[in-house]
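Protein sequence lines correspond, in order, to chains C and R. Quick note: the first sequence uses my numbering, first residue 632, plus one each step. Quick note: the second sequence uses my numbering, first residue 43, plus one each step. Built from N, CA and C at the ideal position, the CB exists for glycine as well. One structure is given below, encoded as structure tokens.
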Amino acid sequence: MTKEEVLVKMQEIFRETFNDTSLVITEDTNAEDIDEWDSFNHINLVASIEKAFDIKFALGELQTLENVGDMITLMITSKL
Amino acid sequence: MLFSTFVFILGFLPVVFLGYFILNKKKLLIASKVWLIFSSLFFYSWWNIAYLPLILASVLFNFILTNSMLHVKASSVMNKKVLLLIGIIFNVGLLVYFKYMDFFISNVNALTDSEIALLHLALPLGISFYTLQQIAFIVDSYEGLVKKKNFLDYTLFVVFFPQLIAGPIVHYKEVMPQFESIKNKIFNYNNIALGMFIFSIGLFKKIVIADTFSIWVHQGFDVAYTLSFFDAWIASLSYTFQLYFDFSGYSDMAIGIALLFNIALPQNFNSPLKATGMIDYWKRWHITLTQFITAYIYTPIVRSFVPLTFHKAMFATLLVFLISGMWHGAGWTFIFWGFLHGISVVINHYWQKKVKIKMPQYLAWFITFQFLNFGNVFFRATDFDRAISILQSMVDYHHILVSDYLIRRMRYWGYSVEKLDGYSAAHSFVDVDAVLMIVLGFIIALGFKNSTQLQQAFSTMKRVSIRWYLWSILLMSLSFMVMSFQTTTEFLYFNF
Chain C
632 MTKEEVLVKM QEIFRETFND TSLVITEDTN AEDIDEWDSF NHINLVASIE KAFDIKFALG
692 ELQTLENVGD MITLMITSKL
Chain R
43 MLFSTFVFIL GFLPVVFLGY FILNKKKLLI ASKVWLIFSS LFFYSWWNIA YLPLILASVL
103 FNFILTNSML HVKASSVMNK KVLLLIGIIF NVGLLVYFKY MDFFISNVNA LTDSEIALLH
163 LALPLGISFY TLQQIAFIVD SYEGLVKKKN FLDYTLFVVF FPQLIAGPIV HYKEVMPQFE
223 SIKNKIFNYN NIALGMFIFS IGLFKKIVIA DTFSIWVHQG FDVAYTLSFF DAWIASLSYT
283 FQLYFDFSGY SDMAIGIALL FNIALPQNFN SPLKATGMID YWKRWHITLT QFITAYIYTP
343 IVRSFVPLTF HKAMFATLLV FLISGMWHGA GWTFIFWGFL HGISVVINHY WQKKVKIKMP
403 QYLAWFITFQ FLNFGNVFFR ATDFDRAISI LQSMVDYHHI LVSDYLIRRM RYWGYSVEKL
463 DGYSAAHSFV DVDAVLMIVL GFIIALGFKN STQLQQAFST MKRVSIRWYL WSILLMSLSF
523 MVMSFQTTTE FLYFNF
């Protein structure tokens, strides 16, 4: 998958997780940009991404994922 | 050896620093690591050499265990999962044995009326921290995040003296690449200037601020029998400030010292007393602990709850805070403190998700601060009776005027005030100094940029202006002055 394809799929997951159909994400989007992006929703987000892409993040990777770009890079380099 | 002593600042640190860079300059890269390891172990043994075998055994065991993880076959009995389990049981077991045995025994004694003798084990220094750091390493190894390592690197990762005793809790992948990088092996004047600056902030926080507050904390929590309204408030606020300035001062010093060696440790505090909610607070207070707990305890718990609902997540949150309370100390007051924080974070989540009323910022801050201060009474008090007595005094406005100092003031201002019957003001310790320090505490904790923000400003400068050097010199000399006529006390988090 390319970065763009992943981003499109991620956008859907974000909209679903944060209950916001107009949410637009970029690679720079981070927890500061989305009010509801707290620890609870972070786990939800990760769980949805893992399910949608059929991957599994390591526990030690989760805290380094500070923005959408980090997530995509990690997914492409080591998971997809 | 404490960071805030002359023997450390003027003796140990310069020697270790020079030795490290001289060895590196001579291209003796292995020797420079060995030097740093031995220096760290010397630093650790300065307190009590009796703790040394335990930490060495722990390092050796965890290294062998994680190394075998790389080589085991999935089909063998001792597969990765079994090794992971053994590793966690070993590390948690050691911590439980040294930290919680007497707590368990005394509870069993109380419940069953038995008289099992207590072990009276001294808590090995830093065990709460190096245990967490190594558990994270084991889990990372299990999940394949650690690709290569050797014994020397692993030992350095655990015992590197700036962060050995009380964090910041670091990850292998955070620090080891920094030790490997060639450009980090040479003198970096910018890092030295920045490191000294951050260190001097930390030293000032510890020596000048936290240790001053400790006087009233000690009076209020350990000495005075009954407290007046003002005494109780001064004591509790003093502790809230002491705890913050002590621990964040320690962290600043750790970060500053590591920078001298060109190692960037992670941020541990982000002005927690400015928090406007309890979720916000835990993103700002002891950040590396929150991250550890979130990643390695909270996440596995909620992952096991399928499908995850809001209420299940809140249950996990509360559970995790109880564990956190327990980690801070073996006592019911700590567990209750964890419970209070857990409940408050749950309420905060519930408020955000269901109530959705935005509070004015200052009100949100006020409630958060009051709650923290309230919870800290349990965190500091030796037992529940003590905590409750202090809290009672804090709301006992009938006895507001019991303080001798205030009575004198009121009389001075022309009010006729009598002492209330039955209350002795003999122990009142409220004076102008205490009130001024509390005001100063608020100003510094709320009105100033924190060390990380200053660090960022520092890093973006092309040339470090003379102003920053002057600040370092000023803060350091003030601290040295206080240090020369006062014995330094241990850092609060060394006991946790």
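(request) State yes or no: is the beta carbon of F684 (chain C) nearer than 7 Å to at least one beta carbon in chain R? (result) In the first sequence, the residue the question calls residue 684 (chain C) occupies position 53. Taking Cβ atoms only, chain R never reaches closer than 7 Å to F684 (chain C), which makes this a no.
(request) Tell me where the alpha helix (DSSP H) around D294 (chain R) begins and ends. (result) Within the second sequence, the letter at position 252 stands for residue 294 (chain R). Looking at the DSSP string, the run of the alpha helix (DSSP H) that includes D294 (chain R) is 271-302.
(request) Establish whether the CB of Y338 (chain R) and some CB of chain C are separated by less than 7 Å. (result) Your numbering for residue 338 (chain R) matches position 296 in the second sequence. At a cut-off of 7 Å between beta carbons, Y338 (chain R) contacts chain C.
(message) Check whether chain C comes within 7 Å of M525 (chain R), counting only Cβ atoms and requiring the distance to be less than that.
(response) What you label residue 525 (chain R) is simply residue 483 of the second sequence in a count that begins at 1. For M525 (chain R), the answer is no, since every Cβ of chain C falls outside 7 Å of its Cβ.
(message) Using the Cβ count rule (16 or more neighbours within 10 Å means buried), how would you classify D463 (chain R)?
(response) Here residue 463 (chain R) is taken as the residue at index 421 of the second sequence, counted from 1. Confidence at D463 (chain R) is low in this model, with a pLDDT of 47, below 50, so its placement is unreliable and the value that follows should be read with caution. Flag for D463 (chain R) reads exposed.
(message) Assuming contact is defined by CB atoms lying nearer than 7 Å, are I343 (chain R) and A358 (chain R) in contact in what I supplied?
(response) In the second sequence, counting from the first residue as 1, residue 343 (chain R) sits at position 301. In the second sequence, counting from the first residue as 1, residue 358 (chain R) sits at position 316. Contact: yes.
(request) Return the Cβ separation of Y535 (chain R) and R422 (chain R) in integer angstroms, given the expectation that the two are a contact with Cβ distance under 8 Å. (result) The residue you call residue 535 (chain R) lines up with position 493 of the second sequence. The residue you call residue 422 (chain R) lines up with position 380 of the second sequence. With a Cβ gap of about 13 Å, Y535 (chain R) and R422 (chain R) do not count as contacting.
(request) Would you mind listing the alpha helix (DSSP H) stretches within the stretch 126-166 of chain R that are 4+ residues and don't spill past its ends, in chain order? (result) List check, alpha helix (DSSP H) in window: 143-154.
(message) Give me the chain B residues within the contact set of P95 (chain R), using Cβ-Cβ distance strictly less than 7 Å, ordered along the chain.
(response) Absent from the structure is chain B; the protein chains it does hold are C and R.
(request) Measure the alpha-carbon distance for I158 (chain R) versus Y142 (chain R) and round it to whole angstroms. (result) For the purposes of this step, residue 158 (chain R) is taken as residue 116 along the second sequence, with counting starting at 1. For the purposes of this step, residue 142 (chain R) is taken as residue 100 along the second sequence, with counting starting at 1. Taking the straight line from one Cα to the other gives about 15 Å.
(request) Decide if the stretch 194-212 of chain R is in contact with the stretch 63-76 of chain R; the criterion is three or more beta carbon pairs, one per stretch, under 8 Å apart. (result) Short answer: they touch.
(message) Which residue marks the beginning of the alpha helix (DSSP H) containing H544 (chain R), and which one marks its end?
(response) Because chain R in this structure spans residues 43 to 538, residue 544 (chain R) falls outside the shown range and cannot be described.
(request) For my contact list, L236 (chain R) and F500 (chain R) are in at a C-beta cut-off of 8 Å; report their separation, rounded to the angstrom. (result) As a position in the second sequence, residue 236 (chain R) is number 194, starting the count at 1. As a position in the second sequence, residue 500 (chain R) is number 458, starting the count at 1. Yes, L236 (chain R) and F500 (chain R) are in contact; Cβ-Cβ is about 5 Å, under 8 Å.
(request) Give a yes or no on whether the C-beta atoms belonging to I33 (chain R) and F334 (chain R) are separated by under 7 Å. (result) Lying outside 43 to 538, the shown extent of chain R, residue 33 (chain R) is not represented and no answer is given.
(message) Determine, for T330 (chain R), whether the minimum Cβ-Cβ distance to residues of chain C falls below 7 Å.
(response) The residue you call residue 330 (chain R) lines up with position 288 of the second sequence. Chain C, which has no Cβ nearer than 7 Å to the Cβ of T330 (chain R), makes this no.
(message) Cutting at 8 Å between CB atoms, please list the residues of its own chain near V49 (chain R), excluding the five before and the five after it.
(response) Your numbering for residue 49 (chain R) matches position 7 in the second sequence. Excluding five sequence positions before and after V49 (chain R), the CB atoms of its chain that fall closer than 8 Å to its own CB belong to M43, given in chain order.
(message) Applying the 10 Å Cβ sphere with the 16-neighbour rule, what's the burial state of V397 (chain R)?
(response) Along the second sequence, read from residue 1 onward, the residue named residue 397 (chain R) stands at position 355. By the 10 Å Cβ count, V397 (chain R) comes out exposed.
(message) Could you check whether F533 (chain R) and Y286 (chain R) sit closer than 7 Å to each other, using their CB atoms as the reference points?
(response) Along the second sequence, one-based indexing puts residue 286 (chain R) at 244. Along the second sequence, one-based indexing puts residue 533 (chain R) at 491. Their beta carbons are not under 7 Å apart, which means Y286 (chain R) does not touch F533 (chain R) by this criterion.
(request) Compare the beta carbon distance of N675 (chain C) and N698 (chain C) with 7 Å and say whether it is the shorter of the two. (result) By one-based count along the first sequence, residue 675 (chain C) stands at place 44. By one-based count along the first sequence, residue 698 (chain C) stands at place 67. Contact: no.
(request) Could you name the residues of the stretch 349-362 of chain R whose beta carbon sits closer than 7 Å to any beta carbon of chain C, in the order they occur along the chain? (result) Per Cβ criterion, the list reads L350, A355.
(message) Pull the bridge partners of N698 (chain C) from the DSSP assignment, please.
(response) Locating residue 698 (chain C) in the first sequence gives position 67, counting from the first residue. C:N661.
(message) Here's a check: name, in chain order, each residue in its chain whose Cβ is nearer than 6 Å to the Cβ of L126 (chain R), leaving out the five neighbours to either side.
(response) The residue you call residue 126 (chain R) lines up with position 84 of the second sequence. Correct list, in chain order: Y184.
(message) At the level of alpha carbons, what is the spacing between M518 (chain R) and K248 (chain R)?
(response) Taking the second sequence and counting its residues from 1, the one referred to as residue 518 (chain R) is at position 476. Taking the second sequence and counting its residues from 1, the one referred to as residue 248 (chain R) is at position 206. Going by C-alpha positions, M518 (chain R) is about 11 Å away from K248 (chain R).
(request) Identify which residue in R:A277, R:V201, R:H113, R:D294 has its Cα closest to the Cα of S435 (chain R). (result) Taking the first residue of the second sequence as position 1, residue 435 (chain R) is located at position 393. Nearest C-alpha to S435 (chain R): R:A277.
(message) With H, G and I counted as helix, E and B as strand and the rest as coil, what does DSSP make of R646 (chain C)?
(response) The sequence position of residue 646 (chain C) within the first sequence is 15, counting from 1. In the structure shown, R646 (chain C) sits in a helix (DSSP, three-state: H, G or I).
(message) Rounded to whole angstroms, what is the Cα-Cα separation between I686 (chain C) and G186 (chain R)?
(response) Start at 1 with the first residue of the first sequence, and residue 686 (chain C) comes out as number 55. Start at 1 with the first residue of the second sequence, and residue 186 (chain R) comes out as number 144. So the two alpha carbons sit approximately 14 Å from each other.
(request) Taking a Cβ distance cut-off of 7 Å, strictly less, list which residues of the stretch 188-215 of chain R are near chain C, in chain order. (result) Result list: H213.
(request) Go through its chain and collect everything with a Cβ distance to T695 (chain C)'s Cβ below 6 Å, but skip five positions before and after it. (result) Locating residue 695 (chain C) in the first sequence gives position 64, where the first residue counts as 1. Spatial neighbours of T695 (chain C) in its own chain (CB-CB distance under 6 Å, excluding positions within 5 residues in sequence) are not present.
(request) Taking 7 Å as the cut-off, decide whether the C-beta atoms of F645 (chain C) and L654 (chain C) are in contact. (result) Taking the first residue of the first sequence as 1, we reach residue 645 (chain C) at position 14. Taking the first residue of the first sequence as 1, we reach residue 654 (chain C) at position 23. A Cβ-Cβ contact shorter than 7 Å links F645 (chain C) with L654 (chain C).
(request) Would you give the residue range spanned by the alpha helix (DSSP H) that L512 (chain R) belongs to? (result) Residue numbering aside, residue 512 (chain R) sits at position 470 when the second sequence is read from its first letter. Per DSSP, L512 (chain R) belongs to the alpha helix (DSSP H) from 508-526.
(request) Pair every Cβ in the stretch 50-67 of chain R with every Cβ in the stretch 226-233 of chain R, then say whether three or more of these pairs are closer than 8 Å. (result) Yes, the stretch 50-67 of chain R is in contact with the stretch 226-233 of chain R.
(message) Suppose contacts are defined by Cβ-Cβ distances below 7 Å. Is S82 (chain R) in contact with I243 (chain R) by that definition?
(response) Here the question's residue 82 (chain R) lines up with position 40 in the second sequence. Here the question's residue 243 (chain R) lines up with position 201 in the second sequence. The criterion of a C-beta distance shorter than 7 Å is not satisfied by S82 (chain R) and I243 (chain R).
(request) Can you tell me which of the three DSSP states W548 (chain R) falls into? (result) This structure gives no information on residue 548 (chain R), because the portion of chain R shown stretches from 43 to 538.
(request) Give the straight-line distance between the Cα atoms of F80 (chain R) and A429 (chain R), rounded to the nearest whole angstrom. (result) One-based indexing of the second sequence puts residue 80 (chain R) at position 38. One-based indexing of the second sequence puts residue 429 (chain R) at position 387. So the alpha carbons of these two residues sit roughly 43 Å apart.
(message) Can you tell me where the alpha helix (DSSP H) holding N232 (chain R) begins and where it ends?
(response) Translated into the one-based positions of the second sequence, residue 232 (chain R) becomes position 190. That run of the alpha helix (DSSP H) goes 231-246.
(request) Taking only beta-carbon positions, decide if V181 (chain R) is within less than 7 Å of chain C. (result) The sequence position of residue 181 (chain R) within the second sequence is 139, counting from 1. With its beta carbon less than 7 Å from one in chain C, V181 (chain R) belongs to the interface.
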